[in-house]
Amino acid sequence: MSLSVKLSHRLPDMELDVAFDAPPGVTVLFGRSGSGKTTIVNAVAGLLRPDAGRVAVGDWVLFDTERGRWLPPHRRRLGYIFQEGRLFPHLTVRQNLAYGGWFAPRGAHRENRDKVVEMLGIGHLLDRRPALLSGGEKQRVAIGRALLASPQLILADEPLAALDDARKAEILPYFERLRDEVSVPILYVTHSAAEVARLATSVVALQDGKAVRHGPAAEVLSDPAVAPAGVRAVGAVLQARVHAHHADGLTELEAGGDHLFLPRIPHRPGETVRIRIAAQEVILANRKPDGLSALNVLQGTVLGIRSGEGPGAIVSVQTRAGMILARITRRSSEALGLRQGMKCHAVIKTVAIAPEDIGGRVIDT
Amino acid sequence: MGWLGPEEWSALMLSLRVSFWATVVSLPFGVFVAYALARWRFPGRPILNGLVHLPLILPPVVTGYLLLMTFGTQGPVGSLLAQVGIVFAFRWTGAALAAGIMAFPLMVRAIRLSIEAVDPKLEQAGATLGAPRPLVFLTVTLPMILPGIIAGGILGFAKAMGEFGATITFVSNIPGQTQTLPSAVYAFLQVPGGEPAALRLVIVSIVVAMGALLLSEVVGRRAAARVAGT
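Keeping their order, the protein sequence lines are chains A and B.
Take the first sequence: its letters are residues 1 to 365, numbered as in the UniProt record's numbering.
Take the second sequence: its letters are residues 1 to 230, numbered as in the UniProt record's numbering.
Listed below in C-alpha cells is the structure:
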C-alpha cells in the first residue's frame, strides 16, 4: 500500500505546497526545522486542517478538500510516534500498549502483542509507569503503542531527536526492523542525514514548505543542490557486504570488488549493510597516494564537479563500490586539475565512518 | 451524642447533608464548565467565566436575594418547578442550592487549573490512537485531573459548610429545616445564654473544616502520585 499526499497550507511565515507519493517502506521527510515537515505529518494525522489537499493510503482517502471529506484523527487508523513519546503517565506500560487496541475496529488486523513486546525488548517494563522509564525505553514503548493500534499508516515525527547518541543507536535498529517487518507505509520526519541514510526507502527533501527533491536516499543525499540540512549532510550511501572481522578491531567490507575498513561493527560476515560516507570526510588524490595512514583508498572516475557561490565544491566519483562524494575546495579542485572523466583516488579515513551511519538488514535498494 | 444539644446536633447533620448534596450535584457541572473554559474558544466564554465567578465577588446577601427572586415560589423558575413538585424556598434543598452556587466558583477554579496542567498533546495522542473525543476525555483527561476534581470537591464542600449569607437570605433560619451550622451559631449568639452552644458549634466547625483540609491533602497527594506514575 502506498501513501499519496498533496497539501497546500498557508502558515504565518511559510507557504506549504507539496505533493508526493510514498511507496511502501519508510518515506523520510527531510529538511531543516521550519521547512514544513511537522506540518505535513500533522495534516496527514488530522491534527491540523490544511487549506487544501488530499491524502490517501491506497484507495482509502483520509481527506480530500475537493470532495469535502475529512476524517477526524481517531478514524484515520494511525500509529503516530511522537518526538516526546507522549506516553500516558497514569497508565502502566501494559495499558499504554493496549490503549490503541481498545478502539481499533473489530476485525482489524492485529499485531501480536507478545511479538511486538519481544521485538522491542520491553517485556520487563510492562508493569511500570512511564515516569520510571529511561528516554530510550519510553520511545520503544511509544513505538509498540503505535504498532499495536492496528495502524494503516505509521507516522514518526523526529522520534530520536530528544535522545542522546547512545539512545539513538539503541532505537534506530527497531525502526529498521519496523521497515523490514511491517507492511504499512511509514512516514518519518527527521533532519538527520544519518537517519535518512539508514532508514529511508525514499526521501522527500523539503525547503521552505516545498518538496525540492524526491527519490531514493542515495540520490537525494548526494545532491549538494538540495542539502536540506546543510552541506555537512551531503554524503554517499553505499551498500556493502561484511567480509571479515579482524583481530585489530576492524571490520572489512566488500562492495563491488573494493574493500573498505571501518571500526568493528556488530553485523555478521555475509550480512549486507548500508553505510553513509559524509562528503566532508573524503579526500581526493590525482594519483595513488603513498605513505598515508588512511586505509581506504578507492580508485574511480570523476563523474562531475558541482560548486556554488562558496569556496567549496562537491566532486562525485564513480568507484566500483558505488558513487562516492567528496567535499573539497574549488582551489584544490583546480590544483589537481580535476575534470569529468578523469581517473582519481578517493581517500576515506577509517574512523570517519561513524557508527550511527551504519545500518543493517537492507532489503530495498 | 450527649455533648451537643438536639438543636445543635440537627444543625450539624443538616449542614453535612446540605453540603454533601451541594457538592455531589454541582461537581459534574463544575468539571464541564471548567473543561469548557480551559479548552474551548467560543463567543460567550468571557460571559460564562464572569457568571461563574459572580457568587465569589457579589455580597452573599445579593446572591441569596437573586436566588429568592428566581427560585422563590413566586419566581419565574421557582413557580415552574413548583408545578412538578420541586420546591427550593425555605427548604433544605434551597440551602443546598445556595451552598452549591456559592461553592461553584471555587470548585471550577481548582478543576480548571488541573485541566490546564494536562498537556493537550496527550489528548492528541489519544485521538491518533483511535479514541473519539469523549473517550479521550474519559481515558486520558479525567484520570489525570482526578486530583484537581477531588481538591475542588473538598474545597467546595468546606465552602458549602460555611455558607451563611446567601442561605439565610434565601431559605431563612428555621431550626430543623433550614438552620445550618453557621445559621445556628448566629441564632445562638442572638439569645442570652446561647454562647456555650455557639462555642460548641464553633469547635465542630473547626474540626470539620480541618478534617476536610487534611483529607484533601492526603487524597490529593495519593492521586497525584498515581498520575505522576510513581
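We put the beta carbon where it would ideally sit given N, CA and C, even for glycine.
Every value quoted in this text rests on a predicted model; they were computed, and no experiment measured them.
Interface with chain B (8 Å Cβ-Cβ cutoff): Tyr99/A is included.
By the CB criterion at 8 Å, Gly126/B and Ala149/A fall outside the cutoff. The contact set of Gln177/B on chain A, defined by CB atoms closer than 9 Å, is empty, because the minimum CB distance reaches about 44 Å. Within chain B, the residues whose beta carbon sits less than 9 Å from that of His74/A are Gly126, Ala127, Thr128, Leu129, Gly130, Ala131, Pro132, Arg133, Leu135, Val136, listed in sequence order.
When the Cα atoms are used, Val31/B and Phe137/B turn out to be separated by approximately 11 Å. For Lys210/A, the CB contacts under 7 Å within the same chain, skipping 5 residues up- and downstream, are Asp17, Val18 in chain order.
Counted as a single uninterrupted DSSP element, the stretch harbouring Asp248/A is not any beta strand (DSSP E), since DSSP gives it neither H nor E.
Fully contained in the segment 173-239 of chain A are the following beta strand (DSSP E) runs of length 3 or more, in chain order: 186-190, 202-207, 210-215. Distance from the CA of Met161/B to the CA of Gly85/B, rounded to the nearest whole angstrom, comes to 26 Å. Taking one beta carbon from each stretch, the segment 133-148 of chain B and the segment 45-65 of chain B have fewer than 3 pairs nearer than 8 Å; the two do not touch.
For Pro89/A, the number of other beta carbons within 10 angstroms of its own is at least 16, and it is reported as buried.
Under the 8 Å criterion on CB atoms, Ala149/A is classed as interfacial with respect to chain B.
None of the residues of the segment 178-193 of chain A has a beta carbon lying less than 9 Å from any beta carbon of chain B. By the C-beta criterion, the segment 175-195 of chain B is judged not to be in contact with the segment 136-154 of chain B, since fewer than 3 inter-stretch pairs fall below 8 Å. Here the segment 70-79 of chain A does not lie against the segment 133-141 of chain A, with fewer than 3 beta-carbon pairs under 8 Å apart.
Not a single C-beta of chain A is nearer than 8 Å to the C-beta of Val219/B. In this structure, Leu189/B lies away from Val204/B, with their beta-carbon atoms at least 8 Å apart.
Put simply, the CB of Arg86/A is near chain B, with a gap under 8 Å to one of its CB atoms. Between Ile324/A and the set His9/A, Leu3/A, Ile314/A, Asn96/A, the nearest pair of CA atoms involves Ile314/A.
Rounded to whole angstroms, the gap between the alpha carbons of Asp290/A and Thr128/B is 59 Å. Shortest Cα-Cα distance from Arg222/B to any of Met210/B, Leu146/B, Gly94/B involves Leu146/B. Contacts with chain B at 8 Å (Cβ-Cβ) do not include Phe30/A. In this structure, Arg287/A keeps its C-beta atom at 8 Å or more from the C-beta atom of Ala193/A. With its beta carbon less than 8 Å from one in chain B, Phe103/A belongs to the interface.
With fewer than three CB-CB distances shorter than 8 Å, the segment 101-109 of chain A does not count as touching the segment 155-173 of chain A. Residue-level contact by beta carbon fails for Leu4/B and chain A, as no gap is shorter than 8 Å.
Residues of chain B whose Cβ lies closer than 9 Å to the Cβ of Tyr174/A do not exist, since the nearest Cβ in that chain is about 19 Å away. In this structure Ala36/B is buried. Its beta-carbon is surrounded by 16 or more other beta-carbon atoms within 10 angstroms. A direct Cα-Cα distance of roughly 48 Å separates Leu58/B from Thr38/A.
If you draw a straight line from the Cα of Gly101/A to the Cα of Gly58/A, it is about 23 Å long. Here Met323/A is bridged, per DSSP, to Gln318/A. Between Arg110/A and the set Ala200/A, Val26/A, Ala98/A, Glu137/A, the nearest pair of CA atoms involves Ala98/A. Interface with chain A (8 Å Cβ-Cβ cutoff): Val140/B is included. Taking a 10 Å sphere around the C-beta of Asn173/B, we find 16 or more other C-beta atoms and assign the residue as buried. Fully contained in the segment 91-136 of chain A are the following alpha helix (DSSP H) runs of length 4 or more, in chain order: 93-103, 113-120. Neighbours of Lys121/B in chain A, taken as residues at a C-beta separation under 8 Å, are given in chain order as Phe82, Glu84, Arg86.
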